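Undergrad: Quick one: the structure is below, questions incoming.
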Amino acid sequence: MPELPEVETVRRGIAPVLEGAVFRNVKVNRPDLRWPFPERMKERLEGAKVLAVRRRSKYILVELDSHETLLIHLGMSGRILVSGDPMGRFVHDHPTAEKHDHVVVDMSNGARLTYNDPRRFGAMDLIATDGLAEHPLISVLGPEPLGNEFNANDFYSRTSLRNSPIKAVLLDQGVVSGLGNIYVCEALFRSGIDPRRKANRISKQRIETLTIHIRDVLSDAIEAGGSSLKDYRQADGELGYFQHNFDVYGREGELCKNAACGAKITRVVQSGRSSFYCPKCQR
DNA sequence: ATAGGCACCTGGTGGC
DNA sequence: TGCCACCAGGTGCCTA
């Protein structure tokens, strides 16, 4: 579900509520998500104060004063809802518990965070903060697409070695981290590149264009509060609205948004996932 | 080393 | 109304 813009939107929603607050009560309603929860997660969280809420790729990283960091991944269907915030920025009353509320935490400032994830492809781990970079889920990640480490030179040196469709290469979190199915489709449309084109058959100039469009589409989406498909919401319950700005994703059979084009958006399946593109504008 | 396919899980939708 | 097939924002792991 959530790609980088949605995760960043969630981070921005929960950071002001969590930072400076202490975990008072942690309720863990099942033993696992995608993997078992870390040993004694409840006990290790309770009493710890939040120093900062960061993001790396699609991971939310909650840094604690206990020298540990809580790592959270939302998988396909994970959500974090905030309620009961004393500052009045969020819903005052705690909502009644819902199905798939797997972890519920009450903070010292009265805020409650509820992690809900029907499909349970999400994950949590609790790791030593000074060992974060070596964590197996983190160490394999490529550069942050919005950071300085992501540039056309390095990006081209990776794409030029890959004999797979560019679609698959962009979904590879080791090449560039944070993109998912939606924003790959959107970035390729903006760049005029066919998702089926082999990565090593794309010129350096076009990779430079793609680098810029990856940045832009992610920035645009963050600005819009992410994309709300199904019932995805921001932490305060608001809907993001970038889904209204999709050029191709989910638009099979509809007209290409380039004014003079007139072609219809096509859907193909690549490695089991839908790719949407304009057969006329993307080559 | 790289590429491709499957598995994990639940819920919503549309067709018959 | 029921049943079934298919689809969904991710990614680790297995196989060639």
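The opening residue of the first sequence carries number -4 in the numbering used here; numbering runs sequentially from there.
Using N, Cα and C, we set each Cβ at its ideal position, and we do this for glycine too.
Since we're looking at a predicted model, the values are computed, not measured.
1) Since Pro31 sits in a beta bridge, which residues does DSSP pair it with?
2) Mark Pro0 as exposed unless 16 or more other C-beta atoms lie within 10 angstroms of its C-beta, in which case mark it buried.
3) If contact is defined by three or more beta carbon pairs under 8 Å, each pair taking one atom from either stretch, is the region 263 to 273 in contact with the region 201 to 221?
4) Nearest by alpha-carbon distance to Leu65: which of Gly79, Asn104, Thr91 and Leu132 is it?
5) Quick check: the region 40 to 47 against the region 7 to 25, are at least 3 beta-carbon pairs closer than 8 Å?
6) Which residue marks the beginning of the beta strand (DSSP E) containing Met119, and which one marks its end?
7) Could you pull the start and end residues of the alpha helix (DSSP H) that Tyr178 belongs to?
8) Please name the residue or residues paired with Ile67 in a DSSP beta bridge.
9) Name the residue from Tyr236, Leu141, Val179 and His95 whose alpha carbon lies nearest to the alpha carbon of Phe271.
10) Could you tell me the distance, in whole angstroms, from the CA atom of Thr124 to the CA atom of Ile177?
11) How would you label Met102, buried or exposed, when you count the other beta carbons within 10 angstroms and need 16 or more for buried?
12) State the CB to CB distance for the pair Ala219 and Gly235, rounded to an integer number of angstroms; the pair is presumed to be in contact (CB under 8 Å).
13) Whole angstroms are fine: how far does the CA of Asn240 sit from the CA of Tyr151?
14) Within a Cβ cutoff of 6 Å, which residues of the same chain sit near Arg115, ignoring the five residues on either side of it in sequence?
15) Classify Tyr236 as helix, strand or coil using the three-state DSSP reduction.
16) Look at the alpha carbon of Arg191 and the alpha carbon of Tyr244, and state the distance between them as a whole number of angstroms.
17) Taking DSSP as the reference, what is the three-state secondary structure of Met102?
18) Measure how close the beta-carbons of Ile217 and Thr154 come, nearest whole angstrom, since I'm counting them as under 8 Å.
19) Taking the alpha carbon of Val77 as the point to measure from, which residue in Thr109, Glu144 and Gly169 has its own alpha carbon closest?
20) Do Asp120 and Pro33 have their C-beta atoms closer together than 8 Å?
21) Roughly how many angstroms separate the alpha carbons of His95 and Asn111, rounded to a whole number?
22) If I measure Cβ to Cβ from His87 and keep anything under 7 Å in the same chain, skipping five residues before and after, which residues do I get?
23) Figure out for me which residue from Gly248, Gly169, Ala106 and Asp149 has the closest Cα to the Cα of Val135.
24) Taking Cβ positions, are Asn279 and Glu41 nearer each other than 8 Å?
25) Is Gly173 closer than 8 Å to Glu58 when the C-beta atoms are compared?
26) Who are the Cβ neighbours of Gln164 in its own chain at under 8 Å, not counting the five residues just before and after it?
27) From Gly267, Leu213 and Ile67, pick the residue whose C-alpha is nearest to that of His130; which is it?
28) For the alpha helix (DSSP H) holding Arg201, just list the boundary residues, first then last.
TA: For this structure:
1) DSSP output for Pro31 lists Asp27 as bridge partner(s).
2) Buried: at least 16 other Cβ atoms inside 10 Å.
3) Touching, no.
4) Among Gly79, Asn104, Thr91 and Leu132, the Cα nearest to that of Leu65 is on Leu132.
5) Note that the region 7 to 25 touches the region 40 to 47; at least 3 beta-carbon pairs, one per stretch, sit closer than 8 Å.
6) Following the DSSP letters along the chain, one finds Met119 inside the beta strand (DSSP E) bounded by residues Ala118 to Ala123.
7) Where Tyr178 is concerned, the enclosing alpha helix (DSSP H) stretches over Asn176 to Ser186.
8) Ile67 pairs with Ile55 and Met119.
9) Cα-wise, what sits closest to Phe271 is Val179.
10) Thr124 and Ile177 have their C-alpha atoms roughly 31 Å apart.
11) With 16 or more Cβ atoms within 10 Å of its Cβ, Met102 is classed as buried.
12) Going by Cβ atoms, the distance from Ala219 to Gly235 rounds to 6 Å, so yes, they are a contact pair.
13) Each residue's CA atom was taken as its position, placing Tyr151 and Asn240 some 28 Å apart.
14) Counting only residues of its own chain and dropping the five nearest sequence neighbours on each side, Arg115 has a CB closer than 6 Å to the CB of Leu28.
15) Tyr236 falls in the coil class under three-state DSSP.
16) Inter-residue distance for Arg191 and Tyr244 is about 15 Å (C-alpha atoms, whole angstroms).
17) Taken through DSSP and simplified to helix, strand or coil, Met102 comes out as strand.
18) The beta-carbon distance between Ile217 and Thr154, rounded to whole angstroms, is 24 Å. This is too long to meet the 8 Å contact definition.
19) For Val77, the nearest C-alpha among the options comes from Thr109.
20) Yes, they are a contact pair.
21) Rounded to whole angstroms, the separation of the alpha carbons of Asn111 and His95 is 5 Å.
22) Spatial neighbours of His87 in its own chain (CB-CB distance under 7 Å, excluding positions within 5 residues in sequence) are listed in chain order as Gly79.
23) Ranked by Cα distance from Val135, the options Gly248, Gly169, Ala106 and Asp149 are led by Gly169.
24) Any answer about residue 279 is impossible in this case: the structure gives the chain only from -4 up to 278.
25) By the CB criterion at 8 Å, Glu58 and Gly173 fall outside the cutoff.
26) The sequence shown places Val at residue 164, not Gln. Excluding five sequence positions before and after Val164, the CB atoms of its chain that fall closer than 8 Å to its own CB belong to Arg153, Thr154, Arg157, Val170 and Ala194, given in chain order.
27) Checked all of Gly267, Leu213 and Ile67; the closest Cα to His130 is Ile67.
28) Counting along the chain, the unbroken alpha helix (DSSP H) around Arg201 starts and ends at Lys199 to Glu218.
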